[in-house]
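Written out below as structure tokens is the structure these notes cover.
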Amino acid sequence: MSGATEFDVVVVGAGPAGSAAAIALARAGRSVALVERGPFPGSKNVYGGVVYGRILDQIVPAWWEEVPVERWIVRRSTMMMTGTQSLSVDYRSQAWADRPYNGMTTVRSRFDRWLAGKATDAGARLVTSTVATGLVRDASGRICGVHTDRGDGDLRARVVVACDGVNSFLAKEAGLLPPAEASHHTLGVKEVLDLPRSVIDERFGLTGDEGTDIEILGCTRGIPGGGFLYTNADTVSVGVVLSLPHLAAAGVRPEELIADLKEHPSIAPYLRGATLREYAAHLIPEGGYDTMPTLATDGMVVAGDAAAMTLAAGIWLEGVNFAIGSGLAAGRAVDRAIGAGDCSAAGLAAYRSDLEAQFVLADHKRFRRAPSLILSERVQQRYPGFLCDMAEELFTVTNPTPKPGGLRATRIAAARHGVTLRALAADTVRALRVFG
Amino acid sequence: MTVRAWRGISFAERMATVDFRVGARAHITVDAEICRSCTTTACVTACPADLFAPTADGGILFNYEECFECGTCYMVCNREGAITWTYPDGGQGVVFHHG
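Chains as they are written, first to last, in our numbering: chain A, 1 to 436; chain B, 1 to 99.
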């Protein structure tokens, strides 16, 4: 190896994917630079609800004793709404209130810093306030480091792990991601609102460090996407996720849609008197399995949002766990490739096969058709109103007129929303295929 | 009515809740010549930070200072080369504390 190799590996981005990769590599004895463009890990990062922590078993035993949790989710609700109605599937389990827990709410400035701390504990060198501005290639064209915007310039490495987020300029420069594909992305906008802890407990029916996550369909004026409301310790987070091309075509401002949601009769009582602590926006790569880039090239692998590893499958909305899982797998594969002396695309191919053998790619592959079903016109624009009206037909007591019965209630509601029974049957079969 | 007051929050008040460490270099540049032929101006409404404003002569006026660095503007833009977008220099730009 030439003397120019300063590190075995440069990991770009100290989010969950990058820190997980750095942890795996540093613990294997590799020298690692973990480059973060923000002043601290998490400073550029936003998420939208729940971190599912079981993947942390592979990093920290009894992680729940030290992870910076806001609340443990014991209640998750899926709400379908129109302007004046809502219908919820509301699930609560006290099994989720105890170790090993199921999901947590957190704050990324604390969670990401905690995880990056595990990387530095293992010996990785965290370099903050530094942008990786491009790829360094050797004479043969193989990637061998990154240019940075610091005075001391380039960081050389045998392998670059690109965990540089949804806009991944490194994956784009390497030709792995298209320059700009709006249809693969949604925009998330979020308000974090101050609300006293005791008020949150009372309004959401929570005790101690229990939390609630509500996912909402039908609150985006027909723009494919959805809304969310979840509890932190002494704040609540509310926001919407919007398909980029449809948002652009609709000519609606994103914050208007949050304002709509906050005024909804099913949401407003939760938020009464709450004041804005911080507003945020971030893109989400929601295209799923079929839009993922090639994961390894000569001298580089891609993980986390940069590899489009968020599962936006309607009833499952996950990302941070996939980032950690892919980062760990990337770190392991890169360590083995360095050990074998082959950091070419072929030498790094075990990364993808490892991901396929576990949840990261298995879940994405199984639910690969979920994003297009969830974001389809009927699911987004017709079914929330149809289901709410069906409930209204069933539950409105119209004495002395006799009750309509389930089938007639379905027919009435379907006709009102232009849903044919044939389309309903087709979508039911499709949903069984997608989620079965 | 309390509920209405939320809509009453001005955009400036909304953005004042966000920590921006503004650098000297503009990380977004816009080619106004290309924008003049644009009929959709998707960036104007889609940008969550409201950084893009149409001008009377059909161009686009933009700010980079209070940018979330999300990428919406260049993703929704259908005019190649109109918006050039990079990250702000290291340590600068938006800092989320409750993301």
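We put the CB at the ideal spot given by N, CA and C, even for glycine.
- As the crow flies, the alpha-carbon of A337 of chain A is around 11 angstroms from that of L25 of chain A.
- With contacts defined by Cβ atoms closer than 8 angstroms, V131 of chain A and Y87 of chain B form a contacting pair.
- Residue contact check for P285 of chain A against chain B: no CB pair falls below 8 angstroms.
- Here DSSP, grouped into helix, strand and coil, assigns E210 of chain A to strand.
- Contact check between the region 40-50 of chain A and the region 139-152 of chain A: fewer than three CB pairs, one atom from each, fall below 8 angstroms, which does not count as touching.
- Against chain B, the beta carbon of N399 of chain A has no neighbour under 9 angstroms; the closest one sits roughly 34 angstroms away.
- Counting the other Cβ atoms within 10 Å of the Cβ of L34 of chain A gives 16 or more, which makes it buried.
- In this model, G436 of chain A and A423 of chain A are separated by some 19 angstroms (Cα to Cα).
- Taking a contact as a CB-CB distance under 8 angstroms, the pair Y289 of chain A and H364 of chain A counts as one, their CB atoms being some 4 angstroms apart.
- The contact set of T29 of chain B on chain A, defined by CB atoms closer than 7 angstroms, is empty, because the minimum CB distance reaches about 15 angstroms.
- In this structure, the alpha-carbon of D152 of chain A lies about 27 angstroms from that of L115 of chain A.
- Cβ-Cβ distances below 8 angstroms link A431 of chain A to L373 in the same chain, with the five nearest sequence neighbours on each side left out; the list follows chain order.
- Counting other Cβ atoms within 10 Å of its Cβ, F11 of chain B stays below 16 and is therefore classed as exposed.
- Think of a sphere of 9 angstroms around the beta carbon of Y74 of chain B: the chain A residues whose beta carbon falls inside it are N167, P179 and A180, in chain order.
- The shortest CA-to-CA distance from G299 of chain A to any of A:P404, A:T220, A:D342 and A:F169 is the one to A:D342.
- Here DSSP, grouped into helix, strand and coil, assigns F395 of chain A to helix.
- Counting along the chain, the unbroken beta strand (DSSP E) around M79 of chain A starts and ends at V69 to M81.
- Taking C-beta atoms under 8 angstroms as the contact rule, A413 of chain A and A21 of chain A fail to qualify, at a distance of about 50 angstroms.
- When C-alpha distances from M104 of chain A are compared across A:I73, A:S129, A:D112 and A:T82, the shortest belongs to A:I73.
- In terms of CA proximity to L271 of chain A, A:L261 leads the group A:L261, A:Y279 and A:A280.
- Chain B has no Cβ within less than 8 angstroms of the Cβ of L229 of chain A.
- Excluding the 5 residues flanking it on each side, S326 of chain A has same chain C-beta neighbours closer than 7 angstroms at A17, A303, G304, A307, M309, L355 and V360, in chain order.
- Between the alpha carbons of R277 of chain A and V107 of chain A lies a distance of about 13 angstroms.
- At least 8 angstroms separates the CB of E318 of chain A from every CB of chain B.
- Relative to the Cα of D121 of chain A, the nearest Cα in the group A:V46, A:T148, A:I23 and A:L195 belongs to A:I23.
- Closest in C-alpha terms to P48 of chain B, from the list B:R25, B:R21, B:I9 and B:T72, comes B:T72.
- Judged by DSSP in its simplified three-state form, L311 of chain A adopts strand.
- A Cβ-Cβ distance of about 4 angstroms is found for the pair S88 of chain A and M79 of chain A, placing them in contact under the 8 angstroms criterion.
- From the beta-carbon of T45 of chain B, the residues of chain A found nearer than 7 angstroms are G251, V252 and R253.
- For I143 of chain A, the pairing in a beta bridge is given by DSSP as A:R137.
- With fewer than 16 other beta carbons inside 10 angstroms of its own, R99 of chain A counts as exposed.
- In this structure, V161 of chain A lies near V301 of chain A, with their beta-carbon atoms less than 8 angstroms apart.
- Unbroken beta strand (DSSP E) stretches of 3 residues or longer found wholly inside the region 4-28 of chain B: 19-21, given in chain order.
- Per DSSP, T84 of chain B is one residue of the beta strand (DSSP E) stretching across I83 to W85.
- Counting C-beta pairs closer than 8 angstroms gives fewer than three between the region 62-71 of chain A and the region 181-196 of chain A, which falls short of the contact rule.
- For the region 183-216 of chain A, the residues whose beta carbon sits under 7 angstroms from a beta carbon of chain B are, in order, H185, L187, V189 and V192.
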